[in-house]
Structures are given as structure tokens and as C-alpha cells.
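Enquirer: Numbering (this note's numbering), first residue to last: 295 to 528.
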């Protein structure tokens, strides 16, 4: 059975537009769409000064809107299209006729997923009860704050996870760098060892010194040669 179970609240900001020629400052408004229970969707729009506009749509009412909007598909597909339209930048708040006593009695929240696609039109009526109006504004403010806190918490968790991922990557990079340094150092030692051995055994460094003949032996030899020469002359 179709329901709004699990429906996430939708918030948005919109600049009102008048459908008549009435004067007056048009303040920016916030709208809030949420499931008040499993079978009803509540829509509020307010500028927090002039009051608030409201509508409550049942599952059957929203389902009937499919024919008017012209979006085919299942119930869930139409609900997804409606949510996407409310979250898009193509949202308008059209204010109806302005009366001096009660201000703008009726308005329409008009949205479409992208320009050129079917428009979802949600009729709104000004809330006459001041207590109900204040309650609607308070609910919108509180839910908006809660959504902000959830987003802030999610961003904090994401930042923490990202930081842990970066730390782990840095540790892996450091380990890889140290391993490469050890490998490079060991390779350099292996390359240097033969070079040192070759230099140690080099002929230029280890050449044998020539044998020197004592001076007195060289003299006797020369004398013997001279003596032999005299004997041959005689």
C-alpha cells in the first residue's frame, strides 16, 4: 500500500511572485514539506512575518495529481519526481489576490524537475489560526536546525574518514619509500664491492719494484771488463 513512510523532509527558499498588481514588499519565503504521518504530506510556506500558508495532501490526493501533472509511472516514481522538483531551482511561490484585511489568502507552490518538464502545482491556503501559524513556523525552524546538524555531523564523519584515509596512505607511502631506499642502498653496496677489489688488485697499484744492483758489484764488473781488454792488447 502506498504511503509516505520514510519520507525525508524537503526545505527550500523561494521568492514570492504576485498574480495580481498589488503593491507591497515581497519577502523571501521558506517552504517545508514533510510527512506528518504515514498517509499525509504537509506543506508549509512562510516569510515569518506575514504569516504562513499550508496544505495537507493525503496519499490518494497526491496520487490523483498524477493525471493532472501528466507524469506516468508508478506511485513511487511520481513521488520521486515530486521530491526532485521541490529540490530543484525551478520552484515558485505564486501569491493570489491580496485583500487589505487578511493579506494574501491563497498561494500556489509550483515546481518542475527541469524546465520543459511537467509542473507540479500544490495549492496553499493562508493559516488563520495564529497559534497554528506559530506552531508551523516553530516546526519549520526546528526541523531545519536538525537537518543542519545532521549535515554537519555527516560532513564531520566524512572529513574524519578522509583524514584517516590520507594518514593510511601517507604511512604506506613512507613504508614504500623506506623499502626503496633499503633496496637502493643494498644494490649500491653490491655494485661498489667489485670496484674496490679491482682497484686493490690493479697492476698500477701492485706492480713489483725492479731489482736494484748494488753499486760495488756494478764497479767490479766494469773493472773486470777493462782488465780483459788490457790482456788482449798485450
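The beta carbon of each residue, even a glycine, is placed where N, CA and C say it ideally should be.
1. For residue 406 versus residue 382, is the C-beta distance shorter than 9 Å?
2. Could you give the distance in angstroms between the alpha-carbon of residue 307 and the alpha-carbon of residue 467?
3. Counting only runs of 3+ residues fully inside the region 379-413, write out the beta strand (DSSP E) ranges in chain order.
4. Can you have a look at residue 450 and say buried or exposed, based on whether 16 or more other CB atoms are within 10 angstroms of its CB?
5. CA-CA distance, residue 374 and residue 441?
6. How would you write the range of the beta strand (DSSP E) that residue 312 sits in, first residue to last?
7. Residue 422 bridges to which residues according to DSSP?
8. Judging by CA-CA distance, which residue of 420, 331 and 402 is the nearest neighbour of residue 413?
9. Can the beta-carbon of residue 346 be found less than 9 Å from the beta-carbon of residue 421?
10. If you follow the alpha helix (DSSP H) that residue 354 is in, where does it begin and where does it stop?
11. Within 10 angstroms of its Cβ, does residue 360 collect 16 or more other Cβ (buried), or is it exposed?
12. Can you give the beta carbon distance from residue 340 to residue 434, rounded, assuming they're within the 8 Å contact cut?
13. Could you check where the beta strand (DSSP E) with residue 339 kicks off and where it finishes?
14. As a quick exercise: from 377, 357 and 378, pick the residue whose alpha carbon is nearest that of residue 368.
15. For residue 325, count neighbouring Cβ atoms within 10 angstroms of its own Cβ and tell me buried if that reaches 16, exposed if not.
16. For residue 298, does the count of other Cβ atoms within 10 angstroms reach 16, so buried, or fall short, so exposed?
17. Do residue 327 and residue 342 have their beta-carbon atoms positioned less than 9 Å apart in this structure?
18. Using beta-carbon positions only, say whether residue 312 and residue 388 come within less than 9 Å of one another.
19. Taking the alpha carbon of residue 352 as the reference point, which residue from 432, 465, 335 and 459 has its own alpha carbon closest?
20. If we ignore side chains and look at the alpha-carbon of each, how far apart do residue 404 and residue 447 end up?
21. Which whole-angstrom value describes the C-beta separation of residue 303 and residue 437, a residue pair presumed to lie in contact below a C-beta threshold of 8 Å?
22. I need the straight-line Cα distance from residue 385 to residue 474, nearest angstrom please.
23. What residues in its chain sit with their C-beta under 8 Å from that of residue 390, if we drop five residues either side in the sequence?
Expert: In brief:
1. yes
2. 46 Å
3. 385-389 and 400-406
4. exposed
5. 20 Å
6. 310-312
7. Residue 422 pairs with nothing; no bridge assigned.
8. 402
9. yes
10. 353-363
11. buried
12. 7 Å
13. 334-340
14. 357
15. buried
16. buried
17. no
18. yes
19. 335
20. 32 Å
21. 6 Å
22. 59 Å
23. 313, 314, 398, 399, 400, 401 and 402
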